[in-house]
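Chains A and B, in that order, are what the protein sequence lines are.
Going by my numbering, the letters in the first sequence line up with residues 1 to 498, in that order.
Going by my numbering, the letters in the second sequence line up with residues 1001 to 1517, in that order.
Glycine residues also receive a C-beta, built at the ideal position from the N, C-alpha and C atoms.
Please read all numbers here as calculations on a predicted model, not as lab measurements.
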Amino acid sequence: MMAAQDFNFLLATDSYKITHYKQYPPNVSKVYSYFECRRKKGAQFNEVVFFGLQYLLKKYLAGPVVTEEKIQQAKVFYQMHFKQAVFDEEGWRKVLEKYDGRLPIRIKAVPEGKIIPRGNVLFTVENTDPDFFWLTNYIETMLVQMWYPITVATISREFKKILAKHLKATTGSLEGLDIKLHDFGYRGVSSQESAALGGAAHLVNFCSTDTVAGLLMAQQYYGCPMAGFSIPAAEHSTIISWGKSREKDAFECLLDQFPSGPVAVVSDSYDIFKACKHIWGDKLKERVMERSEDSALIIRPDSGDPAQTLLEVLKILEECFGSSLNSVGYKVLPSYLRIIQGDGIDLNSINEILEKLRDEGWSAENVFFGCGSALLQKINRDTLNCAFKCSYVEANGRGMDVCKQPVTDPSKGSKRGRLSLRRNSDGFIETVERGAGKPEEDMLVTVFENGTILQEYTLDEIRKAAQLWEEDVSPSQHNKEDSTTLEIHQKCIMNGVH
Amino acid sequence: MNGLFQKGEGLQTLVGPPLLLLHKDSCPLGKLEGKKLHEICSSSVTHYKQYPPNTSKVYSYFECREKKTEPTKLRKVKYDKTVFYGLQYILHRYLKGQVVTREKIQEAKEVYREHFQDDVFNEKGWNYILEKYNGHLPIEIKAVPEGSVIPRGNVLFTVVSTDPECYWLTNWVETILVQIWYPITVATNSREQKKILAKYLMETSGSLEGLEYKLHDFGYRGVSSQETAGIGASAHLVNFKGTDTVAGICVIKKYYGTKDPVPGFSVPAAEHSTITAWGKDHEKDAFEHIIKQFPSVPVSIVSDSYDIYNACEKIWGEDLRGLIEMRSADAPLVVRPDSGNPLDTVLKVLEILGKKFPLVENSKGYKVLPPYIRVIQGDGVDINTLQEIVEGMKEHRWSIENIAFGSGGALLQKLTRDLLNCSFKCSYVVTNGLGVNVFKDPVADPNKRSKKGRLSLHRTPSGDFVTLEEGKGDLEEYGEDLLHTVFRNGKIVKTYTFDEVRDNAKLKESELEDLLL
């Protein structure tokens, strides 16, 4: 697999890194760094899903990434950007001459999809040739963007835990869990590339999405021909274009156009409650009842307080269509009728909604959820405290464990020496520092070396590795150390402006 | 409910390279690849069947909605106006020229067949576009000039289908166009921070010199992708000139162009690895080595690897003081703290440096370090902490000349579409030859009400902006429409250089006056 031809790798780093080759101690021959999601006191999430490295390797790092043309382009660029010549032209030319433009770097990583507790090494990076000690941290900027697919996959899985819990409790099974949370985030992310990456990360845990880019990412980089599914659905323009007095005609058109298979109809353009009561529940009631379980009408509210709106809508639909009790005693609407709540959903609100539904005797099988920005955009590198730090160097033939330990913030301290990851005798995953780890116990796998990808994972394998555990699903709390209740879970996903 | 989605067994592997070719050219310096058909969300695929029969035109618009009723938490920053930026990138990269081919249509048909487990894709509609327009999009987009600063709640651009057969195309492109929320939001948030810096810089030094370098982009590693980095960094450069996110410069050069060779600059700087690699007992050697490597340009040195206060007091303030004092005003040492409470750390660092180096009082009565030493705070900086730090410095009689800021996640990532309520809505359709003004008005949320009919943007006699609805802008009395056609039937018909964008977005005299009141 070859990385993108037109992408100039030499320009894909923080400017200041251009100047670092001059700053390391003399005679440095190796720089070894690692990536982790640091542990933080009072943090909401204890464990992370490792996902997304394969995309970066295939797209940007594999094969010959340096050409003479790119070196020249970078040289000219940095001359203007720094208003002086600081760019290490010779260093990059050596990569070209010695390795045909392939990166003399080794990356060892946890297998993709694995669930790892915070505070553990997830991957390590080192140069394989003493001439290129400066390369390890040159690629930090790109590799630290791993924070994104890791965080989306992790948050998505946290959603899954909540949904599983409620589904199990109110239906007795987990049937349909993987289509309970639909990705609505395409328009609310910052770019097409982020949509693809975030969309794919969600598909590690679920298989319903409207973010088409994610499907293609999963197909091209993770070997899955079709990772997710969707259904015909309305949007406001296809309802309001009929005019305010013809909402019923608009709704009916939807039913006519999509007679077999489920169809979702946004119903709050003017008044969600009247739409449910007078149009769905009255004027079109028979048309709705004609539909089968496989071609359900899925009503979509899209404004107002999510929990309150849902309960009110359920109440109205129950009045019009009736309900029955499932095997564990919770109410279910008739099988041709369901609801999807796709507005205002985040980890906090989804739990709140499901709890309120449960309190009112409603099964979680009545409702599907759509999530946009909370899934794909409302996260940042601080959500899981993702960081990349140098932990070991070799100079003058001697190795030295290094770290930072700022007195002003102990949580920013980094690990020392060469690292490995193992499962200890109690079964818990831990990081071994200072090169003391035994190779045969090391869970880190060499995935990339000198321009070649040595290990790949399919989405199927990743999905299997990322499955929920029994304790995630049963109503009792985790029995891991420093477990947190769901209230603390969602203090605030975002710091900063919001 | 297990019949809701059927997962077919033995799905065929797609033949040939996938339509979504975004993977090939993330760096904007590379070639463009069209990839229209997959840049939409799945449900849009089915919308062509849902409009009223005999619909021949769909007209939609984009705005940053006003939020009249604010929930319980009080926003500290109001964001009354937004910077319009980023449309040109989208037009060039994704919408112009031939965006469909026979192969792409075929491929999309197959993908959607599997994705929906049904044939819902509008193959006929796309073949029509291929045949009649050689794959160019029959839509027209009118927009406010890029860089314009416009109050919330006004139309910023409109989209309309130009061929009656392609009425469905208007909202097909919604998903890709709504992503403009991001460059708009970065540029707007960046500009609001510029206002804060301008105010305090003026108050504590009497001039705005160096304002454009006071907020440096540190966000490359903290964004969600390479493409986001390019777009976001370019949006910050609308207001400032200091950046480490190289990708932004590539976007500007490729999609906007500037008269200068580059629109953004940086300086040599250390990172923790280049300090810690020397070993814990050799921090001074690391510092000394690095400042000697860069004698005649500014150099920033992160100083908190072990103990920021000790580094300032003993290493910079004593051991290496002689070397620092030799540096010129054009080549200061810039001390970089990187942990601890931002305001407390900055004040303490200034205090320590102020004791070791001779302070001067400027014309406004504020303290300034000698020109060969400065500070950059690049940790935990967002619009709120920025305000706190400059306010705190002012209270302690420190001039803002002493400091620059770096911002990463808060500048480029900690933003969502909800911050400025960016929204794309249909406002007008033609059905059976009759134009109808349409809108949504959900009973539970008046903030979500959308505008009606054909829209235009005008200036009132008093200089304010107003959006006219229901085609009222056609009447002469309101003067010219500020929305210009930028795209028609596959061609970009109006472009802006980055210099024009910067000019439109610069801080106005009146704004500066208001800030200093």
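Under 7 Å from the C-beta of A/V31: neighbouring residues of chain B: Under a criterion of Cβ atoms nearer than 7 Å, the residues of chain B adjacent to A/V31 are, in order, S1273, A1277.
Kindly give me the distance between the Cβ atoms of B/I1180 and B/V1159, rounded to whole angstroms, as I take these residues to be in contact under 8 Å. Their Cβ separation, rounded to whole angstroms, is 11 Å, which puts B/I1180 and B/V1159 out of contact at 8 Å.
Anything in the segment 1248-1262 of chain B with a Cβ closer than 8 Å to a Cβ of chain A? List those residues in chain order, please. Under the 8 Å Cβ criterion, the segment 1248-1262 of chain B contributes I1249, C1250, P1261, V1262.
Just how far apart, CA to CA, sit A/G372 and B/R1488? A straight line joining the alpha-carbon of A/G372 with that of B/R1488 spans about 31 Å.
So which residues on chain B does A/D359 lean against when the C-beta distance must stay under 7 Å? Neighbours of A/D359 across chain B, judged by C-beta separation under 7 Å, do not exist; the nearest C-beta is about 21 Å away.
Going along the chain, which residues of its own chain have a beta-carbon closer than 6 Å to the beta-carbon of B/L1169, five neighbours each way excluded? Excluding residues within five positions, the ones whose Cβ falls inside 6 Å are I1139, S1161.
Using a C-beta to C-beta distance shorter than 9 Å, which residues of chain B count as neighbours of A/E140? For A/E140, the residues of chain B that pass the 9 Å Cβ criterion are R1221, E1271, S1273, in the order they occur in the chain.
If you drop the 5 nearest sequence neighbours on each side, which residues of the same chain put their C-beta closer than 6 Å to that of A/Q467? Apart from sequence neighbours up to five positions away, no residue of its chain approaches A/Q467 with a beta-carbon distance below 6 Å.
Find out if the Cβ-Cβ distance for the pair A/R102, A/G451 is shorter than 8 Å. Yes.
To which residues of the same chain is A/N127 closer than 7 Å at the C-beta, ignoring the five residues directly before and after it? Cβ neighbours of A/N127 beyond the five flanking positions: K30, V31, P104, I105, F133, L135, T136.
Given this structure, state the Cα-to-Cα distance separating A/C224 from A/A213, to the nearest angstrom. If I take the Cα positions, the gap works out to 13 Å.
What are the partner residues of A/E36, as DSSP defines its beta bridges? Paired residues: A/V121, A/A387.
Of the residues that make up the segment 397-428 of chain A, which ones have a beta carbon closer than 7 Å to any beta carbon in chain B? So the close ones are M400, V402, C403, K404, Q405, P406, V407, T408, D409, K412.
Nearest CA to the CA of B/E1388: which residue from B/L1320, B/Y1200, B/L1343? In this structure, B/L1343 is the residue among B/L1320, B/Y1200, B/L1343 with its C-alpha nearest to the C-alpha of B/E1388.
Should B/M1326 go down as buried or exposed, given a rule of 16 or more other Cβ atoms within 10 Å for buried? B/M1326 counts as exposed, since fewer than 16 other C-beta atoms from the protein chains shown sit within 10 angstroms of its C-beta.
If you follow the alpha helix (DSSP H) that B/L1262 is part of, which residue opens it and which one closes it? For the record, residue 1262 of chain B in the displayed sequence is Val; it is not Leu. Note, B/V1262: premise wrong, no alpha helix (DSSP H); not H, not E.
Strand pairing of B/Y1085, partner residues [DSSP]: B/Y1085 pairs with nothing; no bridge assigned.
Does the beta carbon of B/D1119 come closer than 8 Å to any beta carbon on chain A? Not an interface residue.
Close beta carbons around A/K464, own chain, < 8 Å, minus the five adjacent residues each side: Result list for A/K464: G113, in chain order.
What does B/V1368 pair with, by DSSP beta-bridge criteria? Looking at the DSSP output, B/V1368 shares a beta bridge with B/V1360.
Given that a residue counts as buried once 16 or more other Cβ atoms are within 10 Å of its Cβ, and exposed if not, what is A/G199? The residue is buried, with at least 16 neighbouring Cβ atoms inside 10 Å.
With DSSP run on the structure shown, which of helix, strand or coil describes B/G1406? Here B/G1406 sits in strand by DSSP.
To test your reading of the DSSP string, which unbroken alpha helix (DSSP H) runs of 4 or more residues are found completely within the segment 290-345 of chain A? Qualifying alpha helix (DSSP H) stretches, in chain order: 306-321.
Using a Cβ cut-off of 7 Å, pull out every chain A residue sitting near B/S1339, in sequence order please. Residues of chain A passing the Cβ test: P406, T408, D409, K412.
In the DSSP assignment, what are the bridge partners of B/V1155? Under DSSP, the beta-bridge partners assigned to B/V1155 are B/E1063.
With a threshold of 7 Å on Cβ separation, who are the neighbours of B/L1208 within its own chain once the five nearest residues in sequence on each side are excluded? Correct list, in chain order: A1198, L1201, M1202.
May I ask which residues mark the beginning and end of the alpha helix (DSSP H) holding A/C371? Counting along the chain, no alpha helix (DSSP H) covers A/C371; the unbroken beta strand (DSSP E) around it starts and ends at 367-371.
Extent of the continuous alpha helix (DSSP H) to which B/S1510 belongs: 1509-1516 is the extent of the alpha helix (DSSP H) around B/S1510.
Any idea if B/A1329 is buried or exposed, counting beta-carbon neighbours within 10 angstroms, 16 or more meaning buried? B/A1329 should be labelled exposed.
Can you tell me which of the three DSSP states A/P26 falls into? Here A/P26 sits in coil by DSSP.
Straight-line gap, A/R287 to A/I240 (C-alpha atoms, nearest Å): The alpha-carbon atoms of A/R287 and A/I240 are separated by roughly 21 Å.
Around the C-beta of A/D178, are 16 or more other C-beta atoms found within 10 angstroms, so that it is buried, or is it exposed? For A/D178, the number of other beta carbons within 10 angstroms of its own is at least 16, and it is reported as buried.
Per-residue contacts from B/A1444 into chain A (C-beta, under 8 Å): From the beta-carbon of B/A1444, the residues of chain A found nearer than 8 Å are D268, I272, S303, G304, D305, T309.
Helix, strand or coil for B/E1401? Go by DSSP, reduced to three states. Helix, per DSSP.
Partner residues on chain A for B/V1297, Cβ-Cβ distance less than 9 Å: Near B/V1297 (Cβ distances below 9 Å), the residues of chain A are F82, K83, Q84, V86.
Excluding sequence positions up to five away, which residues of its chain have a Cβ less than 6 Å from the Cβ of B/T1013? At B/T1013, the pLDDT of 18 sits below 50, so the modelled position is not reliable; the number obtained from the coordinates is stated separately. The answer is none, since no qualifying residue turns up.
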